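Report on one structure; see the data block that follows.
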Amino acid sequence: MGKKKIFAGALAAVIALVVCAGFALNIVTLNKISAIEEATAQSDASKEDGVIIAGEYEVKPTTQISDAYISGDDSGLSDIDKKTLKTAEKILKKTIKKDMTDYEKEQAVYEWMQKNIKHDEGMMTVIRTTENGVDCPQGVLNLKKAVCVGYATTFRMFMQMLGIDCMVVHDSELSHTWDLVKIGGSYYHTDIYSDTPSGKFGHFNMTDAMRGNGYIWDSELYPIANSYEYCYAARNAKPIDDVYDIPKLLKKSLEKRETAISFRLPKNDEKTRLIADRILTSAQSRIEVITDFEETYIDWSCVEAGGEPIVWINISYGEEEYSSELDQKTEKKIEKALDKVFGETVPMDEGEILDAATSDGIVR
Amino acid sequence: MKKILIGIISLILALSMAACSSGAESADVKAIGKSVVKAAGKLPEMLTVSSDSDEAETLFKSVSDMDYDKIAGFYLSYSADGTAYEIAVIEVKDENDIKELEKSLGAHLSSRINLYKAYSPKQTAQAEKAEITTSGKLCALIMCSDTASAVKAFKAQK
Chain X
484 MGKKKIFAGA LAAVIALVVC AGFALNIVTL NKISAIEEAT AQSDASKEDG
534 VIIAGEYEVK PTTQISDAYI SGDDSGLSDI DKKTLKTAEK ILKKTIKKDM
584 TDYEKEQAVY EWMQKNIKHD EGMMTVIRTT ENGVDCPQGV LNLKKAVCVG
634 YATTFRMFMQ MLGIDCMVVH DSELSHTWDL VKIGGSYYHT DIYSDTPSGK
684 FGHFNMTDAM RGNGYIWDSE LYPIANSYEY CYAARNAKPI DDVYDIPKLL
734 KKSLEKRETA ISFRLPKNDE KTRLIADRIL TSAQSRIEVI TDFEETYIDW
784 SCVEAGGEPI VWINISYGEE EYSSELDQKT EKKIEKALDK VFGETVPMDE
834 GEILDAATSD GIVR
Chain H
14 MKKILIGIIS LILALSMAAC SSGAESADVK AIGKSVVKAA GKLPEMLTVS
64 SDSDEAETLF KSVSDMDYDK IAGFYLSYSA DGTAYEIAVI EVKDENDIKE
114 LEKSLGAHLS SRINLYKAYS PKQTAQAEKA EITTSGKLCA LIMCSDTASA
164 VKAFKAQK
């Protein structure tokens with residue numbers, strides 16, 4: 484009788500343990516799911532600020548700094564904002580002249596940022612190693628590097644300090660941000676991140692049609708940008724007499740290492756646009772096989788600017804991080820000479836890298 | 014009666030042990046990963062992590078949202094500059110989970126392609142040529158300049 488009781492008790496205990504373990508596992512799983520749902524719901528895409536881009540970078544307000552600059556009263560600012568204001572003041576003092584128009588001021592700040600702020604590569608690696616602050620002016624002006632949110636919010640802060648209306652735009656997928664700046668009564672899209680480090684003016688003062696190339700944004704939240712008056716591509720478009728001149732002109736631009744070019748087509752019809760598009764599609768594959776341009780990438784679109792057909796081309800050359808004191812041709816010659824004697828470069832033995840791994844598993 | 018009780022408890026323990034590790038033999042994921050990297054053509058500076066790391070579970074989440082308890086081991090090598098070079102070799106404990114792993118790597122690849130489209134369009138073409146392939150309990154994501162050779166090296170592993 485006693486033995487039976489012991490047996491029944493032990494069996495009940497085992498069953499109870501199994502049931503409890505299952506229940507506990509379910510609770511853990513449910514908690515995990517609700518935490519993910521909560522994080523997703525936190526980002527309100529219907530506002531300009533407070534949006535979280537790429538699941539990580541928040542678009543934060545910058546008016547406290549620009550307001551302090553305009554009013555000359557920084558008493559309400561935090562220490563970090565005071566420091567940011569001082570740095571921003573110095574930059575504006577250096578880049579902005581009294582008699583500049585809004586367009587010239589915008590261009591001066593754009594050029595300063597394009598030259599001085601580098602991409603934060605950590606956001607592109609599979610395991611992210613982003614530093615804190617690359618998404619806001621407080622960090623960007625100190626670190627001199629930024630993710631797209633950092634470029635957009637810093638540029639907006641400068642524009643607001645200069646009394647120029649500016650908004651940070653985010654795409655509907657919450658993957659990218661840029662600026663919408665008001666010049667001469669109309670809005671234009673400017674994306675400094677996409678032009679850094681080597682695409683100068685490729686994404687400077689674009690219309691909705693030009694920016695729309697691959698991006699969708701909330702058209703109720705952001706004003707329309709359809710003026711060509713201060714659109715960089717339209718203002719700088721070279722008129723061409725013959726659409727078949729595009730290859731020759733493109734080659735010349737490549738040789739001059741130009742990064743943004745635009746042509747005004749001779750005719751505003753579908754066939755001319757198709758020919759231009761076909762020429763550029765074919766040009767891309769031909770450029771890739773030329774030794775000097777093997778990493779060159781062209782991106783283009785045909786747009787109508789005030790009733791005139793414009794072909795707008797962005798060129799990137801693939802030596803973005805090139806920092807040698809020698810020119811590229813000499814560097815290539817050196818590589819060739821070395822390859823000839825020692826064979827082509829082989830990747831480092833991964834074993835060596837693994838052995839050097841730090842405790843967090845990331846080799847630095 | 015004691016014998017019966019001991020027998021039942023032993024059986025439960027044996028069953029739970031089997032449920033925890035239905036994987037039996039485990040492949041040398043690190044060695045396979047290294048051989049795939051060697052076959053991958055010219056690579057930029059690469060960073061490497063594996064299931065040996067103290068932070069293995071957290072690191073694994075960078076490539077897959079699959080439950081880490083289902084994973085026997087992984088090796089991940091990726092470019093230090095964020096360009097489109099990535100080799101991941103992952104082994105599941107139970108072969109029945111390989112489809113789930115393949116699907117999760119597919120989702121990771123899509124998000125990488127979208128990231129390149131948004132931030133580094135030049136890298137998109139290479140990312141789009143990436144392959145996800147399986148062999149038994151192993152699954153590999155291969156994104157490099159010589160995908161064919163790297164896939165061949167992966168498939169050659171036993």
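Protein sequence lines, in the order shown, are assigned to chains X and H.
For the first sequence, our numbering begins at 484 and goes up steadily by one.
For the second sequence, our numbering begins at 14 and goes up steadily by one.
Think of the CB as a built atom: it goes at the ideal place given N, C-alpha and C, for glycine as much as any other residue.
Predicted model, so just to flag it, every value in this text is computed and none were measured.
Secondary structure of X:ASP550 (DSSP, three-state): helix. Within the region 640-680 of chain X, the complete alpha helix (DSSP H) segments at least 4 residues long are 675-678, listed from N- to C-terminus. The closest CA to that of X:GLY697, considering only H:TYR91, H:LEU128, H:LEU56, is found on H:LEU128. With a 10 Å radius around the Cβ and a threshold of 16 neighbouring Cβ atoms, X:GLY622 comes out buried.
The Cβ atoms of X:SER710 and X:SER669 sit closer than 8 angstroms to each other.
Here the region 626-633 of chain X does not lie against the region 144-154 of chain H, with fewer than 3 beta-carbon pairs under 8 angstroms apart.
X:ILE762 and H:VAL62 have their alpha carbons spaced roughly 45 angstroms apart. Under the 8 angstroms criterion on CB atoms, X:TYR540 is classed as non-interfacial with respect to chain H.
Using a Cβ distance threshold of 8 angstroms, X:TYR800 and X:THR779 count as a contacting pair. Listed by position along chain X, the residues whose Cβ is nearer than 8 angstroms to that of H:TYR91 are THR608, VAL609, ILE610.
Among the residues of the region 102-121 of chain H, none has a Cβ less than 8 angstroms away from any Cβ of chain X. According to the DSSP secondary-structure assignment, X:CYS785 is paired through a beta bridge with X:VAL794. Under the three-state reduction of DSSP output, X:PRO722 falls in the strand class. For H:THR71, the uninterrupted alpha helix (DSSP H) segment begins and ends at 69-73. At a cut-off of 8 angstroms, the C-beta of X:GLU614 has no neighbouring C-beta in chain H. Taking the C-beta atoms as reference points, H:GLU113 is found no nearer than 8 angstroms to H:LYS150. In this chain, H:PHE167 is not harboured by any beta strand (DSSP E); it is covered by the alpha helix (DSSP H) spanning 160-168. Contacts between X:ASP782 and chain H, judged by CB atoms closer than 8 angstroms, involve PRO134 in chain order. For X:SER768, the three-state secondary structure derived from DSSP is helix. Non-local C-beta neighbours of H:GLN136 in its own chain, meaning closer than 7 angstroms and more than five positions away in sequence, comprise THR96, ALA97, TYR129, ordered along the chain.
Rounded to whole angstroms, the gap between the alpha carbons of X:THR545 and X:ALA720 is 35 angstroms. The beta carbons of H:SER162 and H:GLY54 sit closer together than 8 angstroms. In the pairwise beta carbon analysis, the region 639-653 of chain X is classified as touching the region 570-578 of chain X: at least three pairs are separated by under 8 angstroms.
In this structure, X:GLN597 and X:ASP662 do not form a Cβ contact; the two beta carbons are roughly 13 angstroms apart against a cut-off of 8 angstroms.
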